[in-house]
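K.L.:
Heads up, the sequence shown is in the numbering used here, so the first residue is 362 and it goes up one at a time. The beta carbon of each residue, even a glycine, is placed where N, CA and C say it ideally should be.
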Amino acid sequence: MGNQVENDDVLSFLEEMGDVQRINTHDKVFTYNASDNLARKAKRAALTQDNHEMFNPLSMDNVKPVQPDDFIAYQQPGIQDGVFKNLRMGKYDMEQRISLKGLTLKAARDMLYPALKKAHEKGVRALLIQHGKGENSQPVPALKKRYVNHWLKELDFVIAWHTAQPMHGGFGATYVLLKKHPQQKLINREKNRRR
């Protein structure tokens, strides 16, 4: 009885499949999914374009005025006063310099974020940003300086900054202290374990 049921099922299946034709190897089936196509285009555009603006969190809004001869400074809570004093006095080795001189505001923004992010990832702790005093900048004096002051506040891996000493550019430059990168913390732990 069981074989009869199986044979009936096979016959029913063959009857249903009777008009189906085999696909030749040269035949192709194309499928189109609009959302997949859009996603692929967006991904390709992101990969092929060197577009830092898409990933740049530095804003252009609510920037407080700064004058060319103003000190700009910030110390994140928890940063020891001695550490901040050493930064303010220019006692740390400036491992990197970022010059924004001669750049438009947009170009400075597009350059600053990736440079700071890369420095942080490389384990740089102290660096110097050269923005210029901006005595003659248009439409207002100290335009880049005020934006640098604003942008540094927006980055959680920047823990302190201060106007540079005259030997490093004075009012036209800013010392920046970066948070230790998590990867650097692991490297330091390994070094200390081996001692």
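Along the beta strand (DSSP E) that carries Arg458, what are the first and last residues, could you check?
P.N.:
Here residue 458 refers to the residue found at position 97 of the sequence shown. Element bounds for Arg458: Gln457 to Ser460.
K.L.:
Would Leu448 and Ala534 qualify as a contact pair, given that the criterion is a beta-carbon distance under 8 Å?
P.N.:
Along the sequence shown, one-based indexing puts residue 448 at 87. Along the sequence shown, one-based indexing puts residue 534 at 173. Not a contact, by the Cβ cut-off of 8 Å.
K.L.:
The beta strand (DSSP E) spanning Ala521 covers which residue range?
P.N.:
Within the sequence shown, residue 521 is the residue found at index 160, counting from 1. Here the beta strand (DSSP E) through Ala521 covers Val519 to Thr524.
K.L.:
Count the other CB atoms, across all protein chains shown, that sit within 10 Å of the CB of Phe445; report buried if there are 16 or more and exposed otherwise.
P.N.:
Indexing the sequence shown from 1 puts residue 445 at position 84. Buried.
K.L.:
Could you spell out the range, first to last residue, of the beta strand (DSSP E) harbouring Tyr435?
P.N.:
Within the sequence shown, residue 435 is the residue found at index 74, counting from 1. Unbroken beta strand (DSSP E) run through Tyr435: Ala434 to Gln436.
K.L.:
Which of the three DSSP states, helix, strand or coil, is assigned to Val537?
P.N.:
Position 176 of the sequence shown, counted from the start, is the residue given in the question as residue 537. Collapsing the DSSP output to three states places Val537 in a strand.
K.L.:
Quick check: the Cα distance between Pro475 and Gln457, rounded to an integer number of angstroms?
P.N.:
Stepping through the sequence shown from its first residue, residue 475 is reached at position 114. Stepping through the sequence shown from its first residue, residue 457 is reached at position 96. About 13 Å.
K.L.:
What are the partner residues of Leu488, as DSSP defines its beta bridges?
P.N.:
If you number the sequence shown from 1, residue 488 lands on position 127. According to DSSP, Leu488 bridges with Gln457 and Val537.
K.L.:
Need the endpoints of the alpha helix (DSSP H) that Glu482 sits in, please.
P.N.:
Within the sequence shown, the letter at position 121 stands for residue 482. Element bounds for Glu482: Leu466 to Lys483.
K.L.:
Taking contact to mean at least 3 C-beta pairs separated by less than 8 Å, is the region 470 to 487 in contact with the region 432 to 441?
P.N.:
no
K.L.:
Check whether the Cβ atoms of Lys514 and Gln491 sit closer than 8 Å, and answer yes or no.
P.N.:
As a position in the sequence shown, residue 514 is number 153, starting the count at 1. As a position in the sequence shown, residue 491 is number 130, starting the count at 1. The answer is no: Cβ separation not under 8 Å.
K.L.:
Considering Val509, what are the terminal residues of the alpha helix (DSSP H) in which it resides?
P.N.:
Within the sequence shown, residue 509 is the residue found at index 148, counting from 1. Per DSSP, Val509 belongs to the alpha helix (DSSP H) from Leu504 to Lys514.
K.L.:
Here's the rule: buried if 16 or more other CB atoms are within 10 angstroms of the residue's CB, otherwise exposed. What is Lys532?
P.N.:
Taking the sequence shown and counting its residues from 1, one reaches residue 532 at position 171. Note on identity: in this sequence residue 532 is Phe, with Lys being the wrong assignment. Buried, because 16 or more other Cβ atoms sit within 10 Å of the Cβ of Phe532.
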